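**Student:** Once you've had a glance at the structure underneath, I'll fire off some questions.
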């Protein structure tokens with residue numbers, strides 16, 4: 041949906057006194073009529089309705105990218121499940137088998153890309169080599185028909201990259217949420233000096249585009265920033281998410297089955313986070329609310345925009361939708377940092393375990 045950068049307060053201070061992020065501004069979807077009154081069109085009201093109805097949110101993210109031929113080849117083998125899944129290409133036919141990844145790498149002529157032979161960085165140094173390919177994930181929540189996700193992904197890739205940047209994709213259904221892995225060559229096919237750069241604004245546009253393509257497939261889909269929906273918790277990176285999922289799956293195995301298997305490695309990121317949290321809880325020194333003020337400022341700005349949205353809808357006669365907006369904002373979860381959330385869960389768990397470890401009461405004398 042095209043966004044108009046029209047605001048009632050153009051430069052309302054945001055976090056730390058900065059300029060308000062227009063992506064979090066619901067009112068900016070409106071437009072002013074001849075009288076200067078802000079109004080929402082049919083598409084804008086549909087967007088608001090999808091948001092307050094909590095329509096499924098699409099996900100478009102960058103999961104990394106290969107900086108040398110080996111990295112691109114490894115990721116292509118991964119998305120093809122080492123020959124088990126077909127990999128569709130921009131030239132039409134799907135490739136499958138253990139040699140599929142190598143065929144794509146050869147066809148893309150990655151060995152001719154600029155910077156391909158730049159030396160690898162030393163240990164623990166940031167890799168600043170230019171990427172040869174971007175790894176993109178297009179995903180929908182659990183229950184979405186997988187073939188419709190793939191159909192929307194095909195159109196998405198064709199509209200954004202065809203005849204410019206080579207690409208390949210594969211559909212994964214081994215998790216609850218169906219998703220498509222899309223690998224895109226960074227170097228333009230006919231203009232070697234022209235590269236594909238992906239910025240935050242690019243991802244926002246891609247999310248809105250992919251949501252529209254899913255709706256064309258008959259699937260309810262939306263694309264709004266998590267802050268607008270009242271979602272506070274920021275998702276973990278893929279590596280952390282996969283590690284936590286493996287640990288959770290292992291813990292749910294029967295005891296005798298766990299003894300036969302090697303436990304998965306713990307997440308060093310989460311372990312360090314939990315260790316710091318426990319030190320703060322036990323010592324009483326330190327802060328669990330780091331970032332709370334910035335999050336609260338963002339929430340206040342979002343709530344102000346939703347209140348203005350409801351008022352504009354009422355003026356347009358959309359009383360029911362305005363009431364939905366008010367119910368939506370009333371049920372937003374409270375602002376809470378990740379550390380505070382984990383601390384609350386840990387405290388509750390300790391309380392629930394307390395009766396089990398409490399010393400048994402001595403038997404009372406029998407009274408006749």
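Residue numbers (the working numbering): 41 to 408. Every residue gets a Cβ at the ideal spot worked out from N, C-alpha and C, and that includes glycine. Predicted, not measured: the structure shown is a model, and the values here were computed from it.
(1) In the DSSP assignment, what are the bridge partners of residue 175?
(2) Could you pull the start and end residues of the beta strand (DSSP E) that residue 211 belongs to?
(3) By Cβ distance, which residues of its chain are closer than 6 Å to residue 391, with the 5 residues on each side in sequence left out?
(4) Pull up the distance between the alpha-carbon of residue 128 and that of residue 220, whole angstroms please.
(5) My parser needs the alpha helix (DSSP H) runs of 4 or more residues fully inside the stretch 125-153; what are they?
(6) To which residues of the same chain is residue 105 closer than 7 Å at the C-beta, ignoring the five residues directly before and after it?
(7) Measure how close the beta-carbons of residue 365 and residue 145 come, nearest whole angstrom, since I'm counting them as under 8 Å.
(8) Here's a check: name, in chain order, each residue in its chain whose Cβ is nearer than 7 Å to the Cβ of residue 252, leaving out the five neighbours to either side.
(9) Quick check: the stretch 178-191 against the stretch 83-101, are at least 3 beta-carbon pairs closer than 8 Å?
(10) I'd like the list of long-range same chain contacts for residue 155, defined as Cβ closer than 7 Å, with 5 residues on each side in sequence excluded.
(11) Considering Cα atoms alone, identify which of 303, 293, 354 and 268 is closest to residue 373.
(12) Kindly give me the distance between the Cβ atoms of residue 141 and residue 167, rounded to whole angstroms, as I take these residues to be in contact under 8 Å.
(13) Going by beta carbon distance, what residues of the same chain come within less than 7 Å of residue 368, once the five residues before and after it are set aside?
(14) Go ahead and label residue 205 buried or exposed: buried means 16 or more other beta carbons lie within 10 angstroms of its beta carbon, across all protein chains shown.
(15) In three-state DSSP terms, what is residue 301?
(16) What ranges does the beta strand (DSSP E) occupy inside the stretch 324-363, keeping only unbroken runs of at least 3 residues that lie completely in it?
(17) DSSP has residue 99 in a bridge; who is on the other side?
(18) Just verifying my parser: in three-state terms, what is the DSSP assignment at residue 269?
(19) Kindly list the residues whose CB is nearer than 6 Å to the CB of residue 136, restricted to its own chain and excluding five residues on each side of it in sequence; keep chain order.
(20) Thinking residue 222 and residue 261 are a contact (beta carbons under 8 Å), I'd like their distance in whole angstroms, please.
(21) Excluding the five sequence neighbours on either side, which residues of its own chain have a C-beta within less than 8 Å of the C-beta of residue 165, listed in chain order?
(22) Going along the chain, which residues of its own chain have a beta-carbon closer than 7 Å to the beta-carbon of residue 257, five neighbours each way excluded?
**Tutor:** According to the structure shown:
(1) 104 and 223
(2) Unbroken beta strand (DSSP E) run through residue 211: 207-212.
(3) none
(4) 11 Å
(5) 140-147
(6) Within the same chain, residue 105 has close Cβ partners 171, 173, 174 and 175.
(7) The Cβ separation is near 50 Å, so there is no contact.
(8) Within the same chain, and ignoring the five residues on either side of residue 252 in sequence, no residue has its Cβ closer than 7 Å to its Cβ.
(9) yes
(10) 169 and 170
(11) Residue 268 is the option with its Cα nearest to residue 373.
(12) Wrong, their Cβ atoms sit about 21 Å apart, outside the cutoff.
(13) 92
(14) buried
(15) Looking at residue 301 - three-state DSSP - the assignment turns out to be coil, as it is neither helix nor strand.
(16) Runs of the beta strand (DSSP E) spanning 3 or more residues and lying entirely within the stretch 324-363 do not occur at all.
(17) 179
(18) coil
(19) 126
(20) In fact, because the Cβ distance is near 17 Å, the residues do not count as touching under 8 Å.
(21) Excluding residues within five positions, none has a Cβ falling inside 8 Å.
(22) Cβ neighbours of residue 257 beyond the five flanking positions: 188, 191 and 192.
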